[in-house]
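Peer 1:
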Amino acid sequence: MANHGYLPQNGVATIQEFIDSTYDVFGIGKDLGGFLGLYGAIIDGDLTKWSIGGPKTAVSATLGVLGAPQGISGSHNKYEADASPTRADLYGYGNDYKVILSYDPSTANYDLSVLIPFRATRFQQSIDKTPYFFNAPFSGVIVQPAAYTFIYRFMANKSAEYHEGVLNQDVLKSFFSITGERGNFTWTEGYERIPDNWYKRAIGDEYTIPFFFSDLIDAAVEYRNFLTLEGIWERRIASLALISRILQGGVYNSAAMLQGDNAVCFAFQALQ
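Using the UniProt record's numbering, you'd call the opening residue of the sequence shown number 1 and step up by one each time.
1. Taking C-alpha atoms, which residue in F150, A120, I116, I43 lies nearest to I28?
2. Can you tell me whether DSSP reads A41 as helix, strand or coil?
3. Assess contact between the region 13 to 27 and the region 48 to 56, defined as three or more Cβ pairs (one per stretch) separated by less than 8 angstroms. Is contact present?
4. According to DSSP, simplified to helix, strand and coil, what is S159?
5. Cβ atoms of F211 and A220: under 8 angstroms apart, would you say?
6. Tell whether a beta-carbon distance below 8 angstroms holds between Y148 and R119.
7. Go through its chain and collect everything with a Cβ distance to T62's Cβ below 6 angstroms, but skip five positions before and after it.
8. Buried or exposed, going by whether 16 or more other CB atoms sit within 10 Å of the CB of residue 320?
9. Helix, strand or coil for Y148? Go by DSSP, reduced to three states.
10. If you measure between the beta carbons of T188 and S174, is that distance less than 8 angstroms?
11. Less than 6 angstroms between C-beta atoms, sequence neighbours within five positions excluded: which residues of the same chain meet that for Y223?
12. Sorted by chain position, which residues of the same chain lie with C-beta nearer than 8 angstroms to Y23's C-beta, five sequence neighbours on each side aside?
13. Flag this pair as yes or no: are the beta carbons of D111 and L167 separated by less than 8 angstroms?
14. Less than 8 angstroms separating the beta-carbons of I42 and V65?
15. Taking the alpha carbon of T196 as the point to measure from, which residue in N157, Y6, N109 has its own alpha carbon closest?
16. Tell me where the alpha helix (DSSP H) around T121 begins and ends.
17. For Y23, which three-state DSSP category applies?
18. With burial defined as no fewer than 16 other Cβ atoms inside 10 Å of the residue's Cβ, what is the status of Q70: buried or exposed?
19. Please state the DSSP three-state secondary structure of A2.
20. Expressed to the nearest angstrom, what Euclidean distance is found between the alpha-carbon atoms of I72 and T208?
21. With respect to the alpha helix (DSSP H) encompassing S214, which residues constitute its N-terminal and C-terminal limits?
22. State buried or exposed for A136, treating a residue as buried only when at least 16 other CB atoms are found within 10 Å of its CB.
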């Protein structure tokens with residue numbers, strides 16, 4: 001959005017600028033845009049504004065709730081999470097912001113019937129291959145699904161014939177600044193753009209918080225492990241499955257939490 005002037009060119013925006021720009025460009029409900037803008041300002045900014053990249057001098061370093069504001073690129077397990085549809089896990093590749101082209105699922109329409117199974121694949125890949133993978137209650141259970149559902153809900157090209165939109169590869173490549181053909185893709189950082197002849201969600205059909213939770217629940221019904229809390233101790237995955245067990249009427253066994261500093265480590269990560 002910054003490339004088109006909807007956000008400041010320096011990548012730093014106020015809460016209100018995030019609300020207005022996401023509504024104007026994608027048709028994001030102002031309740032959802034407001035929550036995301038406010039959360040970003042509190043967790044990754046200086047309470048009034050935040051960066052869509054890394055740390056910026058325009059964001060006060062003294063007002064960060066969790067220390068010097070790091071922007072969304074430095075928000076691992078706070079705003080950004082592992083098992084991203086396009087980005088690497090932080091502890092798998094050393095960064096969490098560069099596009100990994102090998103994650104592209106080839107299809108004519110990247111709707112939720114494609115993206116949700118793809119999320120399940122990425123989730124398992126992270127568990128299997130990332131030694132410090134962590135699926136936190138907020139950044140994992142709540143934010144991670146947004147990374148997938150938002151792709152289709154926001155980027156799909158809407159029309160009278162296709163009310164929810166069609167998201168083909170050309171549209172997706174434009175939004176993610178990818179050129180070339182399958183097998184020879186190139187990602188050019190910073191050249192993301194809104195495609196030509198592209199139409200956002202209709203007025204009155206904004207993507208709101210209830211809409212998002214409906215998508216989240218639908219995915220969790222099909223893939224229960226999405227609700228699993230994953231913590232790492234001694235370089236191994238220890239699946240807590242807290243939410244799933246509560247839903248099934250079970251009682252959580254806290255014995256593992258009493259070992260060493262597991263409880264402190266997990267609590268700190270969970271709060272993020």
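Virtual Cβ for every residue (Gly too), placed ideally from N, Cα, C.
Peer 2: Working from what's here:
1. Ranking F150, A120, I116, I43 by CA distance to the CA of I28 puts F150 first.
2. Residue state for A41 is assigned as helix, using DSSP reduced to three classes.
3. Look at the beta carbons and you see the region 13 to 27 touching the region 48 to 56: at least three pairs across the two are nearer than 8 angstroms.
4. S159 falls in the coil class under three-state DSSP.
5. Not closer than 8 angstroms, so no.
6. Cβ atoms of Y148 and R119: closer than 8 angstroms.
7. For T62, where only same-chain residues beyond five positions count, there are no Cβ hits under 6 angstroms.
8. Because residue 320 is not part of the residues shown, which for the chain are 1 to 272, the question remains open.
9. Three-state DSSP puts Y148 in a helix.
10. Contact: no.
11. If we look at Y223 and ignore the five residues flanking it on each side, its Cβ neighbours are A120.
12. G29, K30, G33, E206.
13. Yes; because the gap between Cβ atoms is below 8 angstroms, this pair is in contact.
14. Taking 8 angstroms as the cut-off, the beta carbon of I42 is found closer than this to the beta carbon of V65.
15. First, the amino acid is wrong: residue 196 is Asp here, not Thr. For the residues N157, Y6, N109, the minimum Cα distance to D196 belongs to N157.
16. Counting along the chain, the alpha helix (DSSP H) containing T121 begins and ends at 112 to 129.
17. Y23 falls in the helix class under three-state DSSP.
18. That one is buried.
19. A2: helix per DSSP, three-state reduction.
20. The straight-line gap from Cα to Cα measures roughly 22 angstroms.
21. Counted as a single uninterrupted DSSP element, the alpha helix (DSSP H) harbouring S214 occupies residues 209 to 222.
22. Buried, by the Cβ-count rule.
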